[in-house]
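Colleague: My questions will all concern the structure given below.
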Ligand SMILES: [Zn+2]
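In the working numbering, the protein residues as written are -10 to 292.
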């Protein structure tokens, strides 16, 4: 497909996607967004689920009440970005960052806009990342959470902009930065422009790092492709959820390419920790206290 370059960049200016100084949302809009029901809150029948790991049956409510973790074997189910934030921050302290990015369809990909609109309704998110400021055990932090429920958390122009905006906000306000990654990689619907987000986000992290900022990267299932190859692996401290798939290309692709069987547990968190890629594996129920502990070591209270 031929890239309509002139159109892309002309269109981008027109639609107001250029970078602006961003501030946090006001109280009213936060309350409004927290009242939105996500698909996770409205799961109806069937009320039972079979755990993909231990194959036992549980009521969905039981799993939901346990932070979307299997009560028997500890399998970590997908968790929505909104619920993730709720499990981390002190109640009532989270304020989303204002960062609206106008929709663009640079390749004129068929039905792309409809798909985005549908996902926005379904997830209550405007894109595959939710970013804001909140307190964890009294410590202020910028928190960005990617959602694998939104086009597999793929990184296009909007995700790149939202991540960059969060990093820059943390830099300006001298706050620690925590990013939860979950991504299938670059967003194919946006072609080469999605690959450019790797350079953009990495450059923002580099600047933040040079200014002495603390960046904690938390890798969740799955963290792959262009996100692994950019900001996900640039943290000062890299945490991961148990058994998350973490890699660049998927194991099947690698196996087909090299014509060899891969070792057991290849690209899972535990394998990555053993090989020095991950600092610590943290189960979901220990995430908040682990982050609070790191923040306590690095920050002054309330700063
Ligand atoms: Zn299980």
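Where is the CB? At the ideal position from N, CA and C, for every residue including glycine.
1. Please state whether DSSP places residue 337 in a helix, a strand or coil.
2. Could you name the residues whose beta carbon sits closer than 6 Å to any heavy atom belonging to ligand 1, keeping them in chain order?
3. Check whether the Cβ atoms of residue 232 and residue 273 sit closer than 7 Å, and answer yes or no.
4. For residue 129, which residues of its own chain have a beta-carbon under 6 Å away from its beta-carbon, when the five flanking residues on both sides are left out?
5. Indicate the three-state DSSP secondary structure (helix, strand or coil) for residue 115 in the structure shown.
6. Go ahead and pull the three-state DSSP assignment for residue 260.
7. Where residue 31 and residue 114 are concerned, what is the direct C-alpha to C-alpha distance, given to the nearest angstrom?
8. CB residue 127 to CB residue 175, shorter than 7 Å?
9. Just mark residue 112 as buried or exposed, buried being the case when its beta carbon has 16 or more other beta carbons within 10 Å.
10. Quick one: residues in its chain with C-beta nearer than 6 Å to the C-beta of residue 255, no 5 flanking neighbours on either side, listed in chain order?
11. Taking C-alpha atoms, which residue in 122, 60, 106 and 97 lies nearest to residue 82?
12. Quickly, what does DSSP pair residue 172 with across the bridge? List them, please.
13. When you compare each of 203, 182 and 269 to residue 159 by their alpha carbons, which one comes out closest?
14. With residue 70 as the anchor, note down where its alpha helix (DSSP H) starts and where it stops.
15. Tell me the residue span of the beta strand (DSSP E) that contains residue 135.
16. Any chance the stretch 137 to 155 sits against the stretch 184 to 197, with 3 or more Cβ pairs inside 8 Å?
17. Between the Cα of residue 284 and those of 167, 149, 49 and 235, spot the shortest distance and give me the residue it belongs to.
18. Residues in the same chain with beta-carbon distance under 8 Å from residue 268, minus the five sequence neighbours each way, listed in chain order, please.
19. Drop a sphere of 10 angstroms on the beta-carbon of residue 154, count the other beta-carbons inside from all chains shown, and report buried for 16 or more, exposed for fewer.
20. Could you compute how far the alpha carbon of residue 319 sits from the alpha carbon of residue 190?
21. Rounding to the nearest angstrom, what Cα-Cα distance links residue 104 and residue 286 in this structure?
22. Hey, does residue 150 have any beta-carbon neighbour from chain B nearer than 7 Å?
Modeller: From the atom records:
1. Not covered by the structure: residue 337. The range shown for the chain is -10 to 292.
2. The set, ordered by position in the chain, is 40, 42, 43, 45, 59, 61, 62 and 64.
3. No, the pair does not count as a contact, with Cβ atoms beyond the cut-off.
4. If we look at residue 129 and ignore the five residues flanking it on each side, its Cβ neighbours are 164.
5. Of the three classes helix, strand and coil, the one that applies to residue 115 here is coil, per DSSP.
6. Residue 260 falls in the helix class under three-state DSSP.
7. Reliability of the predicted coordinates at residue 31 is poor, the pLDDT of 49 falling under 50, and no value is obtained from them.
8. No, Cβ-Cβ distance for residue 127 and residue 175 is not below 7 Å.
9. Buried, by the Cβ-count rule.
10. Around residue 255: 240.
11. Selection 122, 60, 106 and 97 evaluated against residue 82 yields 122 as nearest (Cα-Cα).
12. The partner list for residue 172 (beta bridge, DSSP) reads 212.
13. Checked all of 203, 182 and 269; the closest Cα to residue 159 is 203.
14. Residue 70 -> alpha helix (DSSP H) spans 70 to 77.
15. Per DSSP, residue 135 belongs to the beta strand (DSSP E) from 128 to 135.
16. Yes, the stretch 137 to 155 touches the stretch 184 to 197.
17. For the residues 167, 149, 49 and 235, the minimum Cα distance to residue 284 belongs to 167.
18. Closer than 8 Å at the Cβ level, and outside the excluded window around residue 268, lie 226, 227, 228 and 262.
19. By the neighbour-count definition (other C-beta atoms within 10 Å, threshold 16), residue 154 is a buried residue.
20. For the chain, the structure presents residues -10 to 292; residue 319 sits outside this window and is missing.
21. Cα-Cα distance, rounded: 43 Å.
22. Among the chains in the structure shown there is no chain B, since it carries only a single protein chain.
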